[in-house]
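S.K.: Residue numbers (this note's numbering), protein chains in the order written: chain A, 85 to 449; chain B, 6 to 84. A virtual CB, placed ideally from N, CA and C, is assigned to each residue, including glycine. In this text, all values refer to a predicted model and were calculated from it rather than measured experimentally.
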Amino acid sequence: MSEADLILGIVVFTALAFDFTNGFHDTANVVATSISTRAMTPQFAVGFAAALNFAGAFISLEVAATVAKDVVDAGAITTTVIFGGLVGAISWNLITWYFGLPSSSSHALIGGVVGATIVAAGSDAVFGDGLLSKVLIPAVIAPVLAFFVGGIAIVVAYRILARQRPGPVTRGFRYGQIVSGGLLSLAHGTNDAQKTMGVIMLALIANGTLASDADVPIWVVVSAASAIALGTYFGGWRIIKTMGTRIIKMDAAQGFSAQGAGAAVILTSSHFGFPLSTTQVIAGGVMGAGAGKRVSAVRWGVAGNIVMAWLLTLPASAVIGGLAYLAADALPGASGPVAIAAIGLGATALAFLNRARKGVPMPAQ
Amino acid sequence: MMLAAIDTTALWETVVASLVAGVGTTTIFSVAILGFVRASDATRSGRTVEAALFSVLALVGVIATAAAVVLAVVVMTTK
C-alpha cells in the first residue's frame, strides 16, 4: 500500500467518523421534541430516527454540490486538506456535545474545510460569494424563518382547538409527531449523509482513485448511510435534553408545530438550493413554538448559549481545521494524519470516559 | 459585488413556501383533531348528524395531512 493510499484510508475513516458524530450529535434535532412530549419512548425514537436516517441516505444518490465545491477552489483540495477539515468538524462536534450544546455539523464541516484550505492555499482559494450566498445568508434566515413558522403555527393550532378536551388533543398531536419526526429524520439522512458522501468522493478524486465524473460507488453510499444511522442510534442524550426540555417545556401541539416548521423550512430550502443546518432550523422551530404560546416560556439564557455556539461554529472549526492541516502537513508522508488520528481517538475516548463518569443525563420520561 | 451573488427571488420563494407548508400542515392537522374530538363528543351525546359532519371534517383533515407528507417525500426525492 502506498503512502497516498494510506492517507486516503485515514481520510475515509475520518469522514465516516464525522458522519457518525453527525448522526450522534444531530439525533437531538429529530427526536428531542417527540421524546419530551412523550410521543415516543427514547429507545423507540432513536431506533426510528436511525432507520429513517439510513433510508434517507439512499433517497437521492446524486452527490449534491459538495460543501467544498461551492465554497473553496476544488483545485486546492488535497486529501490532507480534507483530513484537516474533517478533524476541525469532528473536534467542534465533540466539544459542543461535551457541553450539551446543539450546533451545526454542516457548518462545522464547512468551517473545517475553509480553515484547512486557507492554511494550505491562501484566502484566494476560498470563494467569498459562495460562502456568503450558500452558507452565511441561509444560516441567518433559516432559523429565524423556522422561529416564525413554528410560532404562527402554534398560535393557529391553539386558536382552532381552543376549549376542546385536552386529552384527545394531546393524543392526536402525539400521533402526528410520529409522522413529523419521521419526516425530519428522513430529511436529515438525505441532507447530511450526502455531505459525507461528497467529502469521500472529493478525497477519492483528489487521490486519483476515481475520475471527476465518476458515479458514487455503492460502498460509499452504504458506509455513509450506516455511519449516520449508527451515530443516530447511539444518540447524544446531552443535546436531546437541551433541545427537548431546556429551551422550553413543550406540549405535544408545540412539538408537532416545531417539527412541522423544521421539516417545512428544511425541505423548501433544499428544494430552492439552500444548504442549511437541520440543527439551527429545528432549534428555531422549538423556540418559535415556545414563544408562540408565551414569550417568557422560552428559557432565553439557554437559547443565548445555542446562538453563541452557532456564531462560534464556523470560526472555531476553521481554526481547528487549519491547525490540524498544519500539523498533518508538518510531518513527512502519512505519519502526520496517522499521529493526529491517534491523538483524536485518544482525546475522544477521554471525553467519553469523563462524561460517563459524570453521568449521562437522560431526557424526562 | 458579493451581495449580487445572493438569489433574493429564491430566498423570498423559500420564505413564502415554508410559511405556507409549515403553518398549513399544522392548521389542517389541527382541523383533523378538531373533527375527531367534536365527532366523538357528538356521538356520545347522540347527535348523529353533527357526528357525521365532524367525522367528514376529520377525514378531510387526515387526507390533506397525508397529501402534505407525500408531497414532502416527493420534494425530497426530486431535489
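Would you call residue 127(A) buried or exposed, if buried means 16 or more other Cβ atoms sit within 10 Å of its Cβ?
M.R.: exposed
S.K.: Between which two residues does the alpha helix (DSSP H) harbouring residue 279(A) extend?
M.R.: 250-290
S.K.: Considering only their Cβ atoms, is the gap separating residue 405(A) from residue 230(A) smaller than 8 Å?
M.R.: The answer is no: Cβ separation not under 8 Å.
S.K.: Using three-state DSSP, classify residue 75(B) as helix, strand or coil.
M.R.: The DSSP-derived three-state label of residue 75(B) is helix.
S.K.: Can you name the residues of chain A whose CB is closer than 8 Å to the CB of residue 56(B)?
M.R.: The premise fails here: residue 56(B) is roughly 14 Å from chain A at the closest Cβ pair, so nothing lies under 8 Å.
S.K.: Within 10 angstroms of its Cβ, does residue 399(A) collect 16 or more other Cβ (buried), or is it exposed?
M.R.: Per the 10 Å Cβ criterion, exposed.
S.K.: Which bits of chain B does residue 252(A) rub up against, with CB to CB less than 8 Å?
M.R.: 38, 41, 42, 45
S.K.: Check the Cβ-Cβ distances between residue 349(A) and every residue of chain B, and say whether any is below 8 Å.
M.R.: yes
S.K.: To the nearest angstrom, report how far apart residue 281(A) and residue 60(B) are at their CA atoms.
M.R.: 47 Å
S.K.: Assuming residue 307(A) contacts residue 100(A) (C-beta within less than 8 Å), just tell me the rounded distance between them.
M.R.: For a cut-off of 8 Å, the C-beta gap from residue 307(A) to residue 100(A) is around 6 Å, short enough to register as a contact.
S.K.: In its own chain, which residues sit with a C-beta less than 6 Å from the C-beta of residue 317(A), not counting the 5 before and 5 after it?
M.R.: 130, 134
S.K.: Have a look at residue 149(A) and residue 426(A) and give me their C-alpha separation to the nearest angstrom.
M.R.: With a pLDDT of 45 at residue 149(A), under the threshold of 50, the modelled position of that residue is not reliable, and the figure given next carries that caveat. Straight-line Cα distance between these residues: approximately 31 Å.
S.K.: Hey, could you find the ends of the alpha helix (DSSP H) residue 36(B) is sitting in?
M.R.: Judged by DSSP secondary structure, residue 36(B) falls within the alpha helix (DSSP H) whose first and last residues are 13-49.
S.K.: Could you give the first and the last residue of the continuous alpha helix (DSSP H) run that contains residue 105(A)?
M.R.: 87-120
S.K.: I'd like to know whether the C-beta atoms of residue 176(A) and residue 401(A) end up nearer to each other than 8 Å.
M.R.: yes
S.K.: Is the segment 32-48 of chain B touching the segment 62-76 of chain B in the sense that three or more CB pairs, one from each, lie closer than 8 Å?
M.R.: yes
S.K.: For residue 67(B), which beta-bridge partners are listed by DSSP?
M.R.: In the DSSP output, where bridge partners are listed per residue, residue 67(B) has none listed.
S.K.: Just the C-alpha distance for residue 122(A) and residue 420(A), rounded to the nearest angstrom, thanks.
M.R.: 47 Å
S.K.: What residues in its chain sit with their C-beta under 6 Å from that of residue 235(A), if we drop five residues either side in the sequence?
M.R.: Setting aside the 5 residues that flank it on each side, residue 235(A) is surrounded in the same chain by 372, 375, 376, each with a C-beta closer than 6 Å to its C-beta; the list follows chain order.
S.K.: How about residue 348(A) and residue 366(A): do their beta carbons lie closer than 8 Å?
M.R.: no
S.K.: Is there a Cβ of chain B sitting closer than 8 Å to that of residue 344(A), yes or no?
M.R.: yes
S.K.: Which bits of chain B does residue 143(A) rub up against, with CB to CB less than 7 Å?
M.R.: 81, 82
S.K.: For a test of the three-state rule: what should DSSP assign to residue 391(A), helix, strand or coil?
M.R.: helix
S.K.: Which of helix, strand or coil does DSSP assign to residue 300(A)?
M.R.: coil
S.K.: When every heavy atom of the ligand GTP is checked, does at least one fall within less than 7 Å of the C-beta of residue 120(A)?
M.R.: Absent from the structure shown: the ligand GTP. Ligands present: none.
S.K.: Is the shortest distance between the beta-carbon of residue 256(A) and the beta-carbons of chain B less than 8 Å?
M.R.: yes
S.K.: In whole angstroms, what separates the C-alpha of residue 162(A) from that of residue 310(A)?
M.R.: Spanning the two alpha carbons is a distance of roughly 26 Å.
S.K.: When the cut-off is 8 Å and only beta carbons count, does residue 229(A) lie next to chain B?
M.R.: Yes, its Cβ sits closer than 8 Å to a Cβ of chain B.
S.K.: How should residue 147(A) be labelled, buried or exposed, when 16 other C-beta atoms within 10 angstroms of its C-beta is the threshold for buried?
M.R.: Note that residue 147(A) scores 34 on pLDDT, short of 50, meaning its location in the model is unreliable; the coordinates nonetheless yield the value given after this. It counts as buried.
S.K.: Here's the rule I'm using: 16 or more other beta-carbon atoms within 10 Å means buried, otherwise exposed. How should residue 259(A) be labelled?
M.R.: Of the residues assessed, residue 259(A) falls on the exposed side of the cut-off, its CB having fewer than 16 other CB atoms within 10 angstroms.
S.K.: Identify whether residue 156(A) lies in helix, strand or coil by the three-state DSSP scheme.
M.R.: strand
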